[in-house]
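2 protein chains.
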Amino acid sequence: MPTESEMTAKESLDPVISAPMHRAMEAASFIRQMFEEGNRLRAELGDDAVFDFSLGNPCAPPPESFFSALRTVAGESSPADHRYMTNAGRPDVRQWLARRLSAEHELDITSDHVVMTCGAAGGLNVLLKSVLEPQDEVLLLTPYFTEYLFYIQNHGGIPKAVPTQKSFQPDPEAFRRALGPKTRAVIVNTPNNPSGVVYEPALVEELGRLVDEHSERMGRPVYLFMDEPYRRIRYVDTPHPSALLVSRNGIIVTSFSKELGLAGERIGYVVLNPRIEGVEVLFGALGIATRILGFVNAPAFMQRIIPHCAGSTVDLSLYRKNREILIDGLTRAGYEMPSPDGAFFLFPKAPGGDDRTFCDALKKQCVLTVPGSGFGAPGHFRISYAVPTERVEKAIPLFARAIDEFSD
Amino acid sequence: MPTESEMTAKESLDPVISAPMHRAMEAASFIRQMFEEGNRLRAELGDDAVFDFSLGNPCAPPPESFFSALRTVAGESSPADHRYMTNAGRPDVRQWLARRLSAEHELDITSDHVVMTCGAAGGLNVLLKSVLEPQDEVLLLTPYFTEYLFYIQNHGGIPKAVPTQKSFQPDPEAFRRALGPKTRAVIVNTPNNPSGVVYEPALVEELGRLVDEHSERMGRPVYLFMDEPYRRIRYVDTPHPSALLVSRNGIIVTSFSKELGLAGERIGYVVLNPRIEGVEVLFGALGIATRILGFVNAPAFMQRIIPHCAGSTVDLSLYRKNREILIDGLTRAGYEMPSPDGAFFLFPKAPGGDDRTFCDALKKQCVLTVPGSGFGAPGHFRISYAVPTERVEKAIPLFARAIDEFSD
Chain A
1 MPTESEMTAK ESLDPVISAP MHRAMEAASF IRQMFEEGNR LRAELGDDAV
51 FDFSLGNPCA PPPESFFSAL RTVAGESSPA DHRYMTNAGR PDVRQWLARR
101 LSAEHELDIT SDHVVMTCGA AGGLNVLLKS VLEPQDEVLL LTPYFTEYLF
151 YIQNHGGIPK AVPTQKSFQP DPEAFRRALG PKTRAVIVNT PNNPSGVVYE
201 PALVEELGRL VDEHSERMGR PVYLFMDEPY RRIRYVDTPH PSALLVSRNG
251 IIVTSFSKEL GLAGERIGYV VLNPRIEGVE VLFGALGIAT RILGFVNAPA
301 FMQRIIPHCA GSTVDLSLYR KNREILIDGL TRAGYEMPSP DGAFFLFPKA
351 PGGDDRTFCD ALKKQCVLTV PGSGFGAPGH FRISYAVPTE RVEKAIPLFA
401 RAIDEFSD
Chain B
409 MPTESEMTAK ESLDPVISAP MHRAMEAASF IRQMFEEGNR LRAELGDDAV
459 FDFSLGNPCA PPPESFFSAL RTVAGESSPA DHRYMTNAGR PDVRQWLARR
509 LSAEHELDIT SDHVVMTCGA AGGLNVLLKS VLEPQDEVLL LTPYFTEYLF
559 YIQNHGGIPK AVPTQKSFQP DPEAFRRALG PKTRAVIVNT PNNPSGVVYE
609 PALVEELGRL VDEHSERMGR PVYLFMDEPY RRIRYVDTPH PSALLVSRNG
659 IIVTSFSKEL GLAGERIGYV VLNPRIEGVE VLFGALGIAT RILGFVNAPA
709 FMQRIIPHCA GSTVDLSLYR KNREILIDGL TRAGYEMPSP DGAFFLFPKA
759 PGGDDRTFCD ALKKQCVLTV PGSGFGAPGH FRISYAVPTE RVEKAIPLFA
809 RAIDEFSD
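So the protein lines, in turn, are chains A and B.
Quick note on numbering: the numbering used here labels position 375 of the first sequence as 375, and the sequence is numbered without any gaps.
So the number in the numbering used here is just where the residue sits in the second sequence, counting from 1, plus 408.
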């Protein structure tokens, strides 16, 4: 029997959408609330008065090679370029990627290991759809990108948070303890959203070793999905670990959203590890998953653009400058944060200890940020510095004022 | 206890993908087998010897307005055009569509009733994700597009086939009997894939009336999803019924794949009925579903193209000509089929009665078609005439030869 309060809760749900979708909207509401709060403040006080560091919308412009590719490809377009294709994507583009990836990872990667996707979000959904048995667990290292929770639940899986070190570097011992009979995959995201931390390659290698041992033990592959859309947004020389080399079941998921500034175009790809036993079955499943989830194939026009932008990335100088101003200003003001060596995020400790309370205090200064609770890391908050530098400069005194409220 | 054969079946599944994905691949295999068989025949006998009517890949070229829009939009592109946007899609494009739709349906449709989608397949997945409770039923009128089964199962729903009349027109009485406490939606697809039948507006109105009555009775909306990507591919004057008018819970799902020849570009949209009680909640849910399923938003570049192609459609003369040749040739040869008034499909009765057997006989003539069993209508087979006319002309004698084998 449901209790009275459960019945009331159930009855009060608008039947226009499903109960699970109500729960998803509730879970997603902390970002919506922030967004609405931002709009309310802007309407009340004017755009200039509000300092919005809450969104992860990459603002560095696409490189010039992209705009010239747009014009070239538009001029060359023929009817067949716009039709259905193999669900995995255009063979010529996949071959082009496979050649580059083979050289980079020193593995024999063919076009049958590459699947073009609707961004990294599309890639992760397609992978999870392909491999998750009902109730399988997917490990997430804290802090993690909130949307992973939804992606995993979309396909009947259960997200399981794994603690990391104080520095937010992976903790292999905690990871080892989290592996269990239902573990099917881990999502490793470096450079990390929300922390900006760049994982140490030796630690990622250790995770890969543990995953491979666990696969052996369980008699089925435990996958290491390396979600690396921020890979080329790094401010240190730490090498980026190869998911394909650290684990025989390592798989790369990425997109051009950040490195080319194309988040709205929904173009990315998955690279399957040629060392996976039965990789051809997995490749076939990814094609079917791409089709039946409704993607059908990654957008055709943008697939053709990608080879024209080889080697280009967005100009990092904007992010670099914002990052320096913020690290300097916030450190002086007394904030502490893990090493923000990549992406365009800082993830400081919330002065006073409670992230929601502190984000509210920042909001009183018209500074919008995101509480760490939403990323599985209460006690911290996320600052996205994908904004004009002028906004960063003007916000420093406001950050300083907010922390003053919480000092002894 | 599983039986021995169940255990063997389970053990023989490659653990590289999940058991549900193995089942999906098995279910999808009849199309793959056809495709592989086609490739085998082509490799053996040469391209010219094989007559492939198995694929629904629209081949009428996009109109010239599309190619000129590509060049214009590519030339005008600015960095902000390629960033993340509201999950529902670009406000300017949604407003443009809303104005046209308001005039057409004589309803007050705003941009908050329009969601840009990754084709109609993306739109249906987003809708089903938003409204299905676990085990909710979705009604499908036979014959139906096979992929609906997957879309429904993706989101925990149960597809339920509803018989139609001999002509494959909707049967309101059978439909009424199929409505039950778990019914959440019906997908109505006219012009129909695979039958080519254009539903009579009066019958669709009757379905709408039954759906609205059932919504009242059940105290929650039962939706009528009108999947209408073939809407502008019709060869008769029968008007196309408005989903928004036939039911207060009628919703339009469509794409530009067929009418502009852009199947690979993944661009379409959903129109919510402004008369739905709580439509603003449903609109919000569609945004979240778009995001968490990994679409995030419909491809940005193609959204900008659409308003430039207003009123254009592909040139139907190719399809029209192929259709006439086939109807004439097949009827003379003794085939019977429901009225093929739209799309680019014929769905004749399989001579001899067994569709798989007859498709095998056609294959011996190097003619590839799809058995109706895959569309919930055994005893028929699908011919897609989205192919060059020369192929159609040469295939007529082969169709005639195949039916001769099955005549008394």
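C-beta atoms are modelled at their ideal positions from N, C-alpha and C, and glycine is treated no differently.
### Query
Unbroken alpha helix (DSSP H) runs of length 4 or more, entirely within the segment 551-611 of chain B: which are they?
Secondary structure within the segment 551-611 of chain B: the alpha helix (DSSP H) runs of 4 or more consecutive residues, fully enclosed, are 555-562 and 580-586 (chain order).
### Task
Let me know if residue 666 of chain B comes out buried or exposed under the rule of 16 or more other beta-carbons within 10 Å of its beta-carbon.
Residue 666 of chain B is buried by the Cβ-count criterion.
### Message
Are the CB atoms of residue 750 of chain B and residue 606 of chain B within a distance shorter than 7 angstroms?
### Response
In this structure, residue 606 of chain B lies near residue 750 of chain B, with their beta-carbon atoms less than 7 angstroms apart.
### Message
If the criterion is Cβ atoms closer than 7 angstroms, does the pair residue 492 of chain B and residue 154 of chain A meet it?
### Response
With contacts defined as CB atoms closer than 7 angstroms, residue 492 of chain B and residue 154 of chain A fail to qualify as a contacting pair.
### Query
What's the gap between the Cα of residue 94 of chain A and the Cα of residue 138 of chain A?
Taking the straight line joining both Cα atoms gives about 28 angstroms.
### Task
For the beta strand (DSSP E) holding residue 251 of chain A, just list the boundary residues, first then last.
Under the DSSP assignment, residue 251 of chain A falls in the beta strand (DSSP E) whose first and last residues are 250-255.
### Query
Looking only at C-alpha atoms, which of A:313, A:179 and A:250 sits nearest to residue 261 of chain A?
Minimum Cα-Cα distance from residue 261 of chain A among the listed residues A:313, A:179 and A:250 corresponds to A:313.
### Query
Do you know how far the Cα of residue 340 of chain A is from the Cα of residue 402 of chain A?
Near 21 angstroms, if we compare the C-alpha coordinates of residue 340 of chain A and residue 402 of chain A.
### Query
Using Cβ-Cβ distances below 7 angstroms, what residues of the segment 633-644 of chain B are close to chain A?
Residues passing the 7 angstroms Cβ filter: none.
#### Entry: Test item: CB-CB of residue 689 of chain B and residue 531 of chain B under 7 angstroms
No Cβ-Cβ contact shorter than 7 angstroms links residue 689 of chain B with residue 531 of chain B.
### Query
Exposed or buried, residue 409 of chain B, counting other C-beta atoms within 10 Å across all chains shown (16 or more means buried)?
Model confidence at residue 409 of chain B stands at a pLDDT of 39, short of 50, so the residue's coordinates are unreliable and nothing is read from them.
### Message
Based on DSSP bridge pairs, tell me the residues matched to residue 788 of chain B.
### Response
For residue 788 of chain B, which the question treats as bridged, DSSP gives the partners B:757.
### Query
Around the Cβ of residue 135 of chain A, are there at least 16 other Cβ atoms within 10 angstroms (buried) or fewer (exposed)?
Residue 135 of chain A sits exposed, since fewer than 16 C-beta atoms from the chains shown fall within 10 Å of its C-beta.
### Query
Quick one, which residues of the segment 250-279 of chain A are near chain B if we go by CB-CB under 7 angstroms, in chain order?
Answer set for the segment 250-279 of chain A: 261, 262, 263, 264, 265, 266, 276, 277 and 278.
### Query
Near residue 763 of chain B, what residues of its chain come up, given a Cβ to Cβ distance below 7 angstroms and the 5 sequence neighbours on each side ignored?
The beta carbon of residue 763 of chain B is closer than 7 angstroms to those of 779, 780, 781, 786, 787, 788 and 789 in its chain, skipping five residues each way along the sequence.
### Message
So residue 282 of chain A contacts chain B; which residues on that side make the cut at Cβ distance below 8 angstroms?
### Response
Within 8 angstroms Cβ-Cβ: 424 and 425.
### Message
I'd like to confirm the pairing. Which residues does DSSP put opposite residue 52 of chain A in its beta bridges?
### Response
For residue 52 of chain A, the pairing in a beta bridge is given by DSSP as A:368.
### Spatial neighbours of residue 746 of chain B in its chain, beta-carbon cut-off 7 angstroms, leaving aside the 5 residues before and after
Sequence-distant partners of residue 746 of chain B (beyond 5 residues in either direction) whose C-beta falls short of 7 angstroms from its own C-beta, in its chain, are 575, 576, 603, 605 and 755.
### Message
Tell me which residues of the segment 423-457 of chain B have at least one Cβ-Cβ distance to chain A shorter than 7 angstroms, keeping chain order.
### Response
Flagged, chain order: 423, 424, 425, 426, 427, 429, 432, 433 and 436.
### Task
For the alpha helix (DSSP H) containing residue 117 of chain A, list its first residue and its last residue.
Counted as a single uninterrupted DSSP element, the stretch harbouring residue 117 of chain A is not any alpha helix (DSSP H) but the beta strand (DSSP E) occupying residues 114-117.
### Query
When you compare each of B:685, B:451, B:663 and B:599 to residue 646 of chain B by their alpha carbons, which one comes out closest?
The candidate whose alpha carbon is nearest that of residue 646 of chain B is B:599.
### Query
So which residues on chain B does residue 118 of chain A lean against when the C-beta distance must stay under 7 angstroms?
Ordered by position in chain B, the residues that pass the 7 angstroms Cβ test against residue 118 of chain A are 526, 702 and 703.
### Message
Could you check whether the segment 574-593 of chain B touches the segment 614-623 of chain B, counting it as contact only if at least three pairs of C-beta atoms, one from each stretch, sit closer than 8 angstroms?
### Response
Touching, yes, given that three or more Cβ pairs across the two stretches are closer than 8 angstroms.
### Message
Check whether chain B comes within 7 angstroms of residue 77 of chain A, counting only Cβ atoms and requiring the distance to be less than that.
### Response
So yes, residue 77 of chain A belongs to the interface.
### Task
Determine, using beta carbons only, whether residue 179 of chain A comes closer than 7 angstroms to chain B.
Not an interface residue.
### Message
Let's test the definition: count the other Cβ atoms within 10 Å of the Cβ of residue 734 of chain B and tell me whether it reaches 16, buried, or not, exposed.
### Response
Residue 734 of chain B comes out buried.
### Query
Below 8 angstroms, can you find three or more Cβ-Cβ pairs linking the segment 765-777 of chain B to the segment 619-629 of chain B?
By the criterion of at least three beta-carbon pairs nearer than 8 angstroms, the segment 765-777 of chain B is not in contact with the segment 619-629 of chain B.
### Message
Could you tell me the alpha carbon to alpha carbon distance between residue 481 of chain B and residue 149 of chain A, rounded to whole angstroms?
### Response
Roughly 37 angstroms between the two C-alpha positions.
### Message
Check whether the segment 222-240 of chain A and the segment 112-131 of chain A touch, using three or more Cβ-Cβ pairs below 8 angstroms as the test.
### Response
Segments in contact, yes.
### Query
With DSSP run on the structure shown, which of helix, strand or coil describes residue 406 of chain A?
It is helical.
### Query
Pick from B:449, B:460 and B:716: whose alpha carbon is nearest that of residue 475 of chain B?
Nearest C-alpha to residue 475 of chain B: B:716.
### Query
For residue 807 of chain B, which of helix, strand or coil comes out of DSSP?
In the structure shown, residue 807 of chain B sits in a helix (DSSP, three-state: H, G or I).
### Start-to-end residues for the beta strand (DSSP E) that takes in residue 227 of chain A
223-227 is the extent of the beta strand (DSSP E) around residue 227 of chain A.
#### Entry: Residues of the segment 519-549 of chain B with Cβ closer than 9 angstroms to any Cβ of chain A, in chain order
The segment 519-549 of chain B vs chain A, Cβ under 9 angstroms: 525, 526, 527, 528, 529, 530, 531, 532, 533, 534, 537, 538, 539, 540, 541, 542 and 544.
### Span of the beta strand (DSSP E) around residue 270 of chain A
Taken as a continuous stretch (DSSP letters only), the beta strand (DSSP E) holding residue 270 of chain A covers 268-271.
### Query
What do you get for residue 453 of chain B, buried or exposed, if any count of 16 or more other CB atoms within 10 angstroms of its CB means buried?
So residue 453 of chain B ends up on the exposed side.
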